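Q: Next up is a structure, given as structure tokens.
There are 2 protein chains.
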Amino acid sequence: MSHLRALIAGLLLVAAASAHAAPDPARTAADTWRAGHETAILSEFTDFLAMPDVATTIPDVERNADHLMDLLRARGFVTRILSAGAGTPPTVYAELKTPGARRTVLYYAHYDGQPVGQRGWASPPFTPVMRTGPLGQGASIVDWRAAPTPLDPAWRLYARASGDDKASIEALLTAVDALRAKGIKPSVNIKLFYEGEEEQGSPHLGAIIDANAALLKTDLIIMGDGPMHQSGRQQVNFGSRGVIGLTLTVYGALRPLHDGHYGSWAPSPAVEIAHLIAALRQENGEIGIPGFYDDVRPPTASETAALAALPPVEAGLARDLGIAAPITDQRLDDSYFRPTLNVRSIHVGDSGPNAANAIATTAEASLDFRIVPDETPDRVRTLFSAGLTTLGWFVVDAPPDLATRLAHPRIVRVSWDPGGSAAVKTDMDGPASRAVTDTISREQGAPVLKVPMVGASSGLDVIVRGLRAPMVGVSIANFDDNQHAENENLRLGALWDGIGVYAALLSELDW
Amino acid sequence: MSHLRALIAGLLLVAAASAHAAPDPARTAADTWRAGHETAILSEFTDFLAMPDVATTIPDVERNADHLMDLLRARGFVTRILSAGAGTPPTVYAELKTPGARRTVLYYAHYDGQPVGQRGWASPPFTPVMRTGPLGQGASIVDWRAAPTPLDPAWRLYARASGDDKASIEALLTAVDALRAKGIKPSVNIKLFYEGEEEQGSPHLGAIIDANAALLKTDLIIMGDGPMHQSGRQQVNFGSRGVIGLTLTVYGALRPLHDGHYGSWAPSPAVEIAHLIAALRQENGEIGIPGFYDDVRPPTASETAALAALPPVEAGLARDLGIAAPITDQRLDDSYFRPTLNVRSIHVGDSGPNAANAIATTAEASLDFRIVPDETPDRVRTLFSAGLTTLGWFVVDAPPDLATRLAHPRIVRVSWDPGGSAAVKTDMDGPASRAVTDTISREQGAPVLKVPMVGASSGLDVIVRGLRAPMVGVSIANFDDNQHAENENLRLGALWDGIGVYAALLSELDW
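Protein chains in written order, with the working numbering: chain F, 206 to 716; chain W, 206 to 716.
Have a look at this one:
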């Protein structure tokens with residue numbers, strides 16, 4: 206789509222929104238139901254959030270899956286577990302057939318959460334706590350069960366997975382209740398695919414998709430994971446970056462050494478890994494691996510136009526985050542069209558009360574790449590290893606033996622995380638894409654933001670390739686939800702708005 | 206002293222050693238006593254090593270001090286505690302007057318040990334365990350109490366402080382027993398100064414010295430801390446570097462951020478600290494702080510000659526440590542005449558099962574400088590802060606507030622460790638220095654190695670300045686004792702030899 210066509214489409218949406226000054230019926234149904242059931246909705250949601258859901262503990266995710274199946278069956282869904290075998294996290298599948306429907310829409314979300322070992326949780330991650338606002342801004346804990354409704358939509362519910370990604374599941378469940386209360390039928394056949402190991406990199410997703418391709422057949426995938434636009438406005442996205450993680454280990458002497466005796470003479474893994482990381486990534490984000498940008502596909506004219514139309518958020522965001530200056534002049538959304546190298550962690554030596562004047566034997570850093578069309582995980586792995594060699598490192602995939610240590614002054618072990626995904630990209634101008642943006646714009650009473658690609662990853666390249674269906678992302682969590690970190694939280698108003706969005710999608714989306 | 210004079214002095218020592226082909230009487234006394242009491246000596250030593258002695262826990266070091274006083278009083282020493290006040294680690298002082306002696310010698314050692322939180326202890330740090338050799342070389346645990354004597358001198362006793370620095374205390378105690386058994390009298394007045402917080406940077410040492418200067422008055426300080434030469438030969442040293450530690454904290458956004466959404470846009474403390482460390486120190490050890498080498502005093506001709514006379518250890522050491530190449534072409538002992546910047550630790554983000562695809566809010570690195578004559582801790586602090594500013598950092602000494610964060614893109618907090626010390630340097634050719642080298646050379650039956658300066662630090666600049674006495678270092682622990690790290694150990698033969706060295710010093714040293 207040309208810039209001009211995009212502009213015209215935008216104007217038409219504004220016109221459409223104005224014409225629909227009368228409230229959208231699904232939105233009305235959602236608002237009415239929610240207003241009468243705020244405490245009950247939160248009660249159901251907090252029960253769900255109170256269940257530990259880190260997928261490294263299989264019994265925990267199994268309990269979540271059982272609980273979720275109960276919630277779905279109570280609403281008339283036919284449910285089943287999709288499994289890649291014993292000892293793997295279950296995927297919850299659910300279906301609601303709509304007689305006479307021409308289309309099928311599959312909703313994707315994940316019920317597992319990020320690990321919770323971060324320092325600094327103000328309350329335990331699986332003890333949902335309501336606060337009157339964001340932590341550190343004078344917010345206090347409030348007893349929502351005893352509070353009169355309507356509750357303040359600025360309140361925030363703190364718990365692991367509150368934003369990422371149980372919020373979208375709870376919004377859909379409540380939307381079903383709201384529609385049913387008003388006798389509003391779904392517009393299409395509904396399929397739900399609720400994954401249980403997304404935060405572990407979805408290692409079994411491909412196997413599950415392959416084994417159930419006929420069952421999962423769909424005309425569109427709506428992906429509920431991820432936060433809203435930083436402007437606070439509802440957005441639809443048409444792609445996400447891929448992700449691939451790894452751990453680097455750098456080796457020094459076989460024994461820890463007293464740094465007084467050996468600090469001027471023996472290699473220092475701490476210093477080596479600092480130089481290695483500095484060579485791999487500039488402070489401005491530029492990746493120092495030869496050829497790393499060769500495969501990057503630039504945005505189309507249509508995508509460029511959509512990017513230009515996004516409201517500016519950078520200055521406010523920087524102020525809010527206490528950042529004097531971002532590392533780049535690029536707009537935030539523009540930056541997603543380039544790969545990112547993030548250093549998740551560096552650990553060398555002991556600190557605090559165990560700090561010693563010693564040279565550690567190894568240094569470890571955990572990295573992840575966010576990759577874009579048309580990069581692939583395999584190609585990234587190859588380029589990265591070749592880049593390390595170019596930088597003067599001897600690359601190994603297991604701890605080096607003595608002969609290797611004595612033969613090579615700079616040795617780095619590369620351990621790739623399991624999984625890894627390519628980027629996913631859907632045509633913004635396809636019929637299903639347009640149906641989604643039109644539906645949500647109508648529900649919102651204003652044009653929804655069209656985001657060509659989000660910076661995060663869903664690992665859903667496997668679904669898109671496996672089901673050969675377009676995918677759009679509809680996120681409802683507040684952007685500042687601390688997802689993937691301590692004190693994850695969901696703004697109450699974001700959940701309330703999300704119920705309306707899902708009600709409209711379930712009952713009005715068609716094409 | 207000119208190179209020629211040093212050479213002549215060395216030749217004279219060789220001649221002297223040859224002339225004393227008959228065993229030194231103190232050495233004979235030590236060997237005889239030890240041969241008859243190996244199990245009893247180790248029993249006393251392991252009881253001492255079994256006492257936790259990390260000086261961050263005051264009751265632990267107090268128990269050590271009480272125990273040590275008992276051991277000394279049993280041998281006829283008059284003892285007392287020197288304290289800098291309640292809640293500070295006690296120094297054990299002891300005295301043994303020698304009627305008619307012209308000289309007084311003060312022996313320094315410390316009974317506290319490094320922190321023990323390092324991963325990888327093969328046995329608990331305060332449960333002394335004897336092994337048949339170094340860990341990881343097929344050594345097995347052996348029950349020395351039940352073993353027939355003589356025990357194998359290649360056995361190693363594993364425990365915190367076994368080498369650093371309780372070994373030198375046990376060697377002196379046993380030497381006293383050995384001399385007494387043979388009726389050999391001390392040659393001078395003996396004073397013992399056993400510190401209890403050396404591994405914490407000796408924050409109260411200056412106060413204790415100042416308050417007890419008359420009590421501690423001495424003609425010579427013999428410092429028992431530190432390991433022997435890597436060649437395995439007995440050495441006397443005439444100086445040590447100073448040390449000064451600090452913690453750097455680099456700040457990113459106020460909240461942890463999802464790296465998919467913000468990795469291309471928000472500053473990364475992990476990347477920032479890598480670049481900062483890389484700027485501060487090259488891989489070859491060169492320190493990148495402007496003016497840092499300006500105050501460095503080069504070795505004298507006499508020191509240069511002594512350095513040249515030291516046996517080469519570098520190639521064997523590199524092989525033993527699994528190092529393909531040291532970071533410098535300098536000899537190990539030569540390198541001690543230049544300051545070292547060591548990176549003790551770097552910690553950013555979570556790793557392992559808690560790893561998250563997040564941008565951490567802060568990154569922390571712990572550093573220490575080993576400094577040489579004529580650098581001073583104050584000057585290093587000034588140069589370091591100025592260097593950070595030159596490198597583009599805004600330096601703070603407390604966590605930055607929001608206004609500071611918004612005003613400065615690169616903020617680093619510098620927290621200096623308490624204490625810190627200048628280097629100590631004694632004239633190798635002074636009368637007391639020569640008396641020590643002559644005595645030990647006679648005891649050993651071979652010229653002792655003269656090390657102009659060791660790489661480690663003792664914090665004893667305070668003593669040398671306070672007592673205005675020369676100081677020489679006499680170390681007995683094996684060089685590969687893992688001091689300051691996990692699996693610290695003492696080679697049994699090193700302890701046995703050390704008893705002889707102390708017996709000779711106690712009974713023959715005079716000038």
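Ideal Cβ placement from N, Cα and C applies to all residues, glycine included.
Remember, it's a predicted structure, so these values are computed and weren't measured experimentally.
(1) Three Cβ pairs or more, each shorter than 8 Å: is that satisfied between the region 284-300 of chain F and the region 394-412 of chain F?
(2) Could you say if the region 454-473 of chain W and the region 669-683 of chain W meet the contact criterion of at least three C-beta pairs nearer than 8 Å?
(3) Alpha carbon to alpha carbon, what distance is there between F589/W and A475/F?
(4) On the DSSP bridge list, what partners appear for F398/F?
(5) How would you call N687/F, buried or exposed, if buried means at least 16 neighbouring beta carbons within 10 angstroms?
(6) Quick check on H466/W - is its C-beta less than 8 Å from some C-beta in chain F?
(7) Counting C-beta neighbours from all protein chains within 10 Å, is the total for K390/W 16 or more, i.e. buried, or is it exposed?
(8) Can you tell me whether T609/F is helix, strand or coil according to DSSP?
(9) Considering just the uninterrupted stretch of the alpha helix (DSSP H) at M676/W, what are its terminal residues?
(10) Does the CB of Q342/F have a neighbour CB from chain W at under 8 Å?
(11) Going by Cα to Cα distance, which pick from L697/F, M633/F, G703/F is closest to G338/F?
(12) So, under 8 Å CB-CB, L607/W and G527/F are touching, yes? Tell me the CB distance rounded to an integer number of Å.
(13) Around the Cβ of T379/F, are there at least 16 other Cβ atoms within 10 angstroms (buried) or fewer (exposed)?
(14) Identify the residues that DSSP records as bridge partners of Q319/F: which are they?
(15) So that I know if they touch, is there some Cβ in chain F lying closer than 8 Å to that of P722/W?
(16) May I have the straight-line CA-CA distance separating T644/W from L384/W, to the nearest angstrom?
(17) Measure the beta-carbon distance from E693/F to D369/F and round it to whole angstroms, keeping in mind my assumption that it falls under 8 Å.
(18) Between G671/F and D415/F, which are expected to be in contact by the criterion C-beta below 8 Å, what is the C-beta distance as a whole number of angstroms?
(19) Using the beta-carbon count (16 or more within 10 Å), is L420/F buried or exposed?
(20) Secondary structure at E569/W, three-state DSSP: helix, strand or coil?
(21) Output needed in chain order: residues of the region 601-614 of chain W with a Cβ under 8 Å from some Cβ in chain F.
(22) Tell me, please, which residues DSSP counts as bridged to N694/F.
(23) Should R673/W be labelled buried (16 or more other beta-carbon atoms within 10 Å of its own) or exposed?
(24) Whose CA, out of S712/W, D715/W, H552/W, Y707/W, lies closest to the CA of A376/W?
(25) Would the region 298-314 of chain W and the region 234-251 of chain W be scored as touching if the rule is three or more Cβ pairs under 8 Å?
(26) Classify V283/F: buried if its beta carbon has 16 or more other beta carbons within 10 angstroms, exposed otherwise.
(27) Looking at the unbroken alpha helix (DSSP H) that takes in M274/F, where does it start and where does it end?
(28) If we ignore side chains and look at the alpha-carbon of each, how far apart do R307/F and Y313/F end up?
(29) Which runs of the beta strand (DSSP E) fall wholly inside the region 404-477 of chain F and span at least 3 residues, in chain order?
(30) Could you please give me the residues that DSSP links to L287/W through a beta bridge?
(31) Could you check whether the region 315-331 of chain W touches the region 447-457 of chain W, counting it as contact only if at least three pairs of C-beta atoms, one from each stretch, sit closer than 8 Å?
(32) In terms of DSSP beta bridges, what is K630/F paired with?
(33) Which residues in the same chain as H225/F place their Cβ atom closer than 8 Å to its Cβ, once the five residues preceding and following it in sequence are excluded?
(34) Mind checking whether L711/F and V381/F have CB atoms under 8 Å apart?
(35) Can you tell which of N562/F, T566/F, V548/F has the C-alpha that lies nearest to the C-alpha of A563/W?
(36) Verify the CB distance criterion: does T337/W have a CB-CB separation below 8 Å to chain F?
A: Walking through what the data contain:
(1) yes
(2) no
(3) 19 Å
(4) Y298/F, Y313/F
(5) buried
(6) yes
(7) It counts as exposed.
(8) T609/F: helix per DSSP, three-state reduction.
(9) Careful: M676/W lies outside any alpha helix (DSSP H), inside the beta strand (DSSP E) at 676-679.
(10) The Cβ of Q342/F sits no closer than 8 Å to any Cβ of chain W.
(11) L697/F
(12) 6 Å
(13) buried
(14) None; Q319/F has no bridge partner.
(15) With chain W running from 206 to 716 in the structure shown, residue 722/W is simply not present.
(16) Taking the straight line joining both Cα atoms gives about 16 Å.
(17) 7 Å
(18) 6 Å
(19) exposed
(20) Looking at E569/W - three-state DSSP - the assignment turns out to be strand.
(21) L607, R610, L611, A612, H613, P614
(22) According to DSSP, N694/F bridges with Y363/F.
(23) exposed
(24) Y707/W
(25) no
(26) exposed
(27) For M274/F, the enclosing alpha helix (DSSP H) covers residues 263-278.
(28) 20 Å
(29) 425-428, 440-442, 447-456
(30) T296/W
(31) no
(32) G444/F
(33) With a pLDDT of 48 at H225/F, under the threshold of 50, the modelled position of this residue cannot be trusted, and the question is left open.
(34) yes
(35) V548/F
(36) no
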